[in-house]
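**Student:**
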Amino acid sequence: MDRKTKEALDIIEKIKSSDDYVYELIRKPKRSGWFHFWDMMFDLVPSLADSLKNNKTVYLIASDSKGEIVEIEQGNIVNTVSVPNWTREMKENFKKVMIEQYVYKKFKRIA
Numbered sequence: 026m027d028r029k030t031k032e033a034l035d036i037i038e039k040i041k042s043s044d045d046y047v048y049e050l051i052r053k054p055k056r057s058g059w060f061h062f063w064d065m066m067f068d069l070v071p072s073l074a075d076s077l078k079n080n081k082t083v084y085l086i087a088s089d090s091k092g093e094i095v096e097i098e099q100g101n102i103v104n105t106v107s108v109p110n111w112t113r114e115m116k117e118n119f120k121k122v123m124i125e126q127y128v129y130k131k132f133k134r135i136a
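If you count by the working numbering, then the sequence shown holds residues 26 to 136, one letter each, in order.
1) Please state whether the Cβ-Cβ distance between Val103 and Gly92 is less than 9 Å.
2) Take the Cβ of Phe132 as the centre, count every other Cβ of all protein chains shown within 10 Å, and call the residue buried at 16 or more, exposed below.
3) May I have a chain-ordered list of the alpha helix (DSSP H) segments no shorter than 4 residues that lie completely inside the stretch 101–134?
4) Three-state secondary structure (DSSP) at Ile97?
5) How would you write the range of the alpha helix (DSSP H) that Arg28 sits in, first residue to last?
6) What distance in whole Å lies between the Cβ atoms of Met115 and Ala136, which are believed to be in contact at a cut-off of 8 Å?
7) Assuming Arg56 and Val83 make a contact with CB atoms under 8 Å, what is their CB distance in whole Å?
8) When the Cα atoms are used, what is the spatial distance from Asp45 to Met123?
9) Kindly list the residues whose CB is nearer than 8 Å to the CB of Lys120, restricted to its own chain and excluding five residues on each side of it in sequence; keep chain order.
10) Going by C-alpha to C-alpha distance, which of Ser43, Trp59, Leu50 and Gly58 sits closest to Ile94?
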């Protein structure tokens with residue numbers, strides 16, 4: 026586990042329950058299929074580099090009753106978002122969710 030993830034997990038441990046799961050998520054702007062097609066055809070490398078630089082990694086605290094997305098920067102929680110329409114099954118089978126103009130995809134389970 027890298028240093029950044031370990032620091033984030035230390036912060037999350039203070040606010041999560043013992044039976045909650047923690048997932049590392051990748052946040053990307055919601056885009057159409059045509060955007061991805063043209064992106065591939067014309068400028069895949071610059072767009073990919075920009076995506077890796079600017080999109081944040083965020084964490085999901087998944088419990089039986091709610092899911093909460095947490096953004097952590099420089100050792101502080103800067104934003105939290107509740108996942109709408111959360112179900113108990115999503116705690117163990119979370120894949121992705123769209124909230125506002127962003128898609129949050131599961132990268133890995135870390136706790």
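Just so you know, even glycine gets a beta-carbon here, dropped at the ideal spot from N, CA and C.
**Tutor:** In brief:
1) If you check the CB distance, Val103 and Gly92 do not come in under 9 Å.
2) By the neighbour-count rule (16 or more Cβ atoms within 10 Å), Phe132 is not buried but exposed.
3) Listed in chain order, the complete alpha helix (DSSP H) runs (minimum 4 residues) inside the stretch 101–134 are 115–118.
4) In the three-state scheme derived from DSSP, where H, G and I count as helix and E and B as strand, Ile97 is classed as strand.
5) It spans Arg28 to Glu38 - the alpha helix (DSSP H) in which Arg28 sits, taken as one unbroken run.
6) Your pair Ala136 and Met115 does not check out as a contact, with CB atoms roughly 17 Å apart and the cut at 8 Å.
7) The beta-carbon distance between Arg56 and Val83, rounded to whole angstroms, is 18 Å. This is too long to meet the 8 Å contact definition.
8) Cα-Cα distance, rounded: 21 Å.
9) Within the same chain, Lys120 has close Cβ partners Lys130 and Lys131.
10) With respect to the C-alpha of Ile94, the residue from Ser43, Trp59, Leu50 and Gly58 having the closest C-alpha is Leu50.
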